[in-house]
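Sequence lines, in order, name chains A and B.
Under my numbering, the first sequence has 152 at position 136, and the numbering climbs by one with no breaks.
Under my numbering, the second sequence has 236 at position 52, and the numbering climbs by one with no breaks.
Every residue gets a Cβ at the ideal spot worked out from N, C-alpha and C, and that includes glycine.
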Amino acid sequence: MNDRIEKRIEIKAPVSRVWRAITDYREFGEWFRVRLEGPFVEGQVSSGMITYPGYEYVKWEARVQKMEPEKMFSFTWGHVKAFDKETYSGDYSNAPTTLVEFRLEATKDGTLLTLTESGFEQLPADFRDEAFRRNDGGWSEQMKNIESHVAKSS
Amino acid sequence: MSPSLPSAGRRRIDHALVFAALGDETRLALIAKLAGGEPRSISQLTAGSKLTRQAITKHLRVLESAGVVRGVREGRESLFELDPRPIAGLRQYLESVSKQWDEALGRLKALVER
Numbered sequence: 017m018n019d020r021i022e023k024r025i026e027i028k029a030p031v032s033r034v035w036r037a038i039t040d041y042r043e044f045g046e047w048f049r050v051r052l053e054g055p056f057v058e059g060q061v062s063s064g065m066i067t068y069p070g071y072e073y074v075k076w077e078a079r080v081q082k083m084e085p086e087k088m089f090s091f092t093w094g095h096v097k098a099f100d101k102e103t104y105s106g107d108y109s110n111a112p113t114t115l116v117e118f119r120l121e122a123t124k125d126g127t128l129l130t131l132t133e134s135g136f137e138q139l140p141a142d143f144r145d146e147a148f149r150r151n152d153g154g155w156s157e158q159m160k161n162i163e164s165h166v167a168k169s170s
Numbered sequence: 185m186s187p188s189l190p191s192a193g194r195r196r197i198d199h200a201l202v203f204a205a206l207g208d209e210t211r212l213a214l215i216a217k218l219a220g221g222e223p224r225s226i227s228q229l230t231a232g233s234k235l236t237r238q239a240i241t242k243h244l245r246v247l248e249s250a251g252v253v254r255g256v257r258e259g260r261e262s263l264f265e266l267d268p269r270p271i272a273g274l275r276q277y278l279e280s281v282s283k284q285w286d287e288a289l290g291r292l293k294a295l296v297e298r
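1) Under the DSSP definition of a beta bridge, which residues are partnered with Thr132 (chain A)?
2) By a C-beta neighbour count over all protein chains shown, 10 Å radius and 16 as the cutoff for buried, is Glu77 (chain A) buried or exposed?
3) Considering only residues of the same chain and omitting the five flanking positions on each side of Ala219 (chain B), which have a CB-CB separation below 7 Å?
4) Tell me the DSSP bridge mates of Gly255 (chain B)?
5) Please state the DSSP three-state secondary structure of Thr210 (chain B).
6) Among A:Gln60, A:Gly64 and A:Glu58, which has the Cα closest to the Cα of Leu52 (chain A)?
7) Can you tell which of B:Val281, B:Lys217 and B:Ala231 has the C-alpha that lies nearest to the C-alpha of Pro268 (chain B)?
8) Here's the rule: buried if 16 or more other CB atoms are within 10 angstroms of the residue's CB, otherwise exposed. What is Val96 (chain A)?
9) For Ile27 (chain A), which residues does DSSP report across the bridge?
10) Out of A:Gly94, A:Tyr104, A:Met88 and A:Ala111, which has the shortest C-alpha to C-alpha gap to Thr127 (chain A)?
11) From the DSSP output, in three-state form, read off Phe91 (chain A) for me.
12) Using a threshold of 7 Å, is the CB atom of Asn110 (chain A) nearer than that to any non-hydrogen atom of the ligand GTP?
13) I'd like to know if Phe203 (chain B) contacts chain A, where contact means its C-beta is closer than 8 Å to some C-beta of that chain.
14) If the criterion is Cβ atoms closer than 8 Å, does the pair Ile25 (chain A) and Lys293 (chain B) meet it?
15) Which ranges does the beta strand (DSSP E) cover as unbroken runs of at least 3 residues, wholly within the region 225-254 of chain B, from first to last along the chain?
16) What in chain B is Cβ-close to Ile66 (chain A), meaning under 7 Å?
17) Using the C-alpha atoms, what's the distance from Trp47 (chain A) back to Leu289 (chain B)?
18) Can you give me the C-alpha to C-alpha distance between Val296 (chain B) and Thr114 (chain A), rounded to a whole angstrom?
19) Using Cβ-Cβ distances below 8 Å, what residues of the region 115-135 of chain A are close to chain B?
20) Pick out whichever of B:Leu201, B:Leu214, B:Glu287 and B:Arg298 has its Cα sitting closest to the Cα of Ala239 (chain B).
21) Determine the contact status of Asp125 (chain A) and Lys28 (chain A), defining contact as a CB-CB distance below 8 Å.
22) On a CA-only basis, which of A:Lys101, A:Asp19, A:Phe118 and A:Ala37 is nearest Gly70 (chain A)? Give me that one, please.
23) Roughly how far, in whole angstroms, is the beta-carbon of Phe56 (chain A) from the beta-carbon of Tyr41 (chain A), given that I think they are within contact range, below 8 Å?
24) Would you mind sorting Pro85 (chain A) into buried or exposed? The rule is 16 or more other CB atoms within 10 Å of its CB.
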């Protein structure tokens, strides 16, 4: 099983355009659905509020790691356990973080964007319990899932 | 397997350990054998493998310390069974984050291509 997420998408637009959509805080906010307070600056914390319908009470907080123009943009962000409105605290000070990286490459038709998110092994065990409270699939279903998952990754 | 598994699930299980435990082909094969839900003996788990009983036992201990597998006694025999929770929990969380990225990147693509 992988401890990271990796996505690769082809975008029919030049690298400069994709770079802007990822690193301009207003454009980022538009597709990510967050209202950021100001521009991304290397080494600084970016904050704002999620605009995704139903989750407007959720805070966005990330620390920009690297901005290599038209090549790479990365930030770390915290994961909190519960996003239920009643239990959500908005306190990320002790939250475990993962690293998000966007890499851009020019292709014949536009841009290849690779997104990775890594560091999930930092998350504490109670994330597991939380995931289970939301799961009503039952154990035999889980066994089957694990079987096919293991088969895929072995 | 029943949803009312004993308190083993309350043990602190470290995700790093779970990932490390899964990063090995022999251990993945052991998990696949145990994924049917039936507890198995070391002999059963060694059968069909090129590895020695000792080597298999060592791998089972790694899985046990990650909380992925637990030992159960049946008479004089020691059996091992899978605890699906650590793996399934991780998997589910990763999948939900992964799905959110798919949606967000889809919106990004739509935004720049329009």
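Quick answer:
1) By 1-based counting over the first sequence, the position of residue 132 (chain A) is 116. The partner list for Thr132 (chain A) (beta bridge, DSSP) reads A:Glu22 and A:Glu117.
2) Numbered from 1 along the first sequence, position 61 holds the residue referred to as residue 77 (chain A). Buried.
3) Translated into positions along the second sequence, residue 219 (chain B) becomes position 35. Excluding sequence neighbours, Ala219 (chain B) sits near Leu266.
4) In the second sequence, counting from the first residue as 1, residue 255 (chain B) sits at position 71. B:Phe264.
5) Along the second sequence, one-based indexing puts residue 210 (chain B) at 26. Correct three-state label for Thr210 (chain B): helix.
6) Your numbering for residue 52 (chain A) matches position 36 in the first sequence. Checked all of A:Gln60, A:Gly64 and A:Glu58; the closest Cα to Leu52 (chain A) is A:Gly64.
7) For this step, residue 268 (chain B) is matched to residue 84 along the second sequence. The option with the nearest alpha carbon to Pro268 (chain B) is B:Lys217.
8) In the first sequence, the residue the question calls residue 96 (chain A) occupies position 80. Buried, because 16 or more other Cβ atoms sit within 10 Å of the Cβ of Val96 (chain A).
9) Position 11 of the first sequence, counted from the first residue, corresponds to residue 27 (chain A). Note: Ile27 (chain A) sits in a beta bridge opposite A:Thr127.
10) Taking the first residue of the first sequence as 1, we reach residue 127 (chain A) at position 111. When only C-alpha atoms are compared, the closest one is A:Met88.
11) Walking along the first sequence from the start, residue 91 (chain A) turns up at place 75. Note: Phe91 (chain A) maps to strand in three-state DSSP.
12) Absence of the ligand GTP is noted for the structure shown, with no ligands found whatsoever.
13) Taking the second sequence and counting its residues from 1, the one referred to as residue 203 (chain B) is at position 19. It does: the Cβ of Phe203 (chain B) has a partner Cβ on chain A nearer than 8 Å.
14) Position 9 of the first sequence, counted from the start, is the residue given in the question as residue 25 (chain A). Position 109 of the second sequence, counted from the start, is the residue given in the question as residue 293 (chain B). For Ile25 (chain A) and Lys293 (chain B), yes; Cβs fall inside 8 Å.
15) none
16) By 1-based counting over the first sequence, the position of residue 66 (chain A) is 50. Within 7 Å Cβ-Cβ: nothing; Ile66 (chain A) doesn't reach chain B, min ~11 Å.
17) The residue labelled residue 289 (chain B) in the question sits at position 105 within the second sequence. The residue labelled residue 47 (chain A) in the question sits at position 31 within the first sequence. Going from the Cα of Leu289 (chain B) to the Cα of Trp47 (chain A) covers about 8 Å.
18) Looking up residue 296 (chain B) in the second sequence gives position 112. Looking up residue 114 (chain A) in the first sequence gives position 98. Cα-Cα distance, rounded: 26 Å.
19) Leu129, Leu131 and Glu133
20) By 1-based counting over the second sequence, the position of residue 239 (chain B) is 55. Considering only alpha carbons, the answer is B:Leu214.
21) Numbered from 1 along the first sequence, position 109 holds the residue referred to as residue 125 (chain A). Numbered from 1 along the first sequence, position 12 holds the residue referred to as residue 28 (chain A). Cβ distance < 8 Å, so Asp125 (chain A) and Lys28 (chain A) count as in contact.
22) By one-based count along the first sequence, residue 70 (chain A) stands at place 54. When only C-alpha atoms are compared, the closest one is A:Lys101.
23) Within the first sequence, numbered from 1, the residue matching residue 56 (chain A) stands at position 40. Within the first sequence, numbered from 1, the residue matching residue 41 (chain A) stands at position 25. That pair is a contact at about 6 Å.
24) For the purposes of this step, residue 85 (chain A) is taken as the residue at position 69 of the first sequence. Exposed, by the Cβ-count rule.
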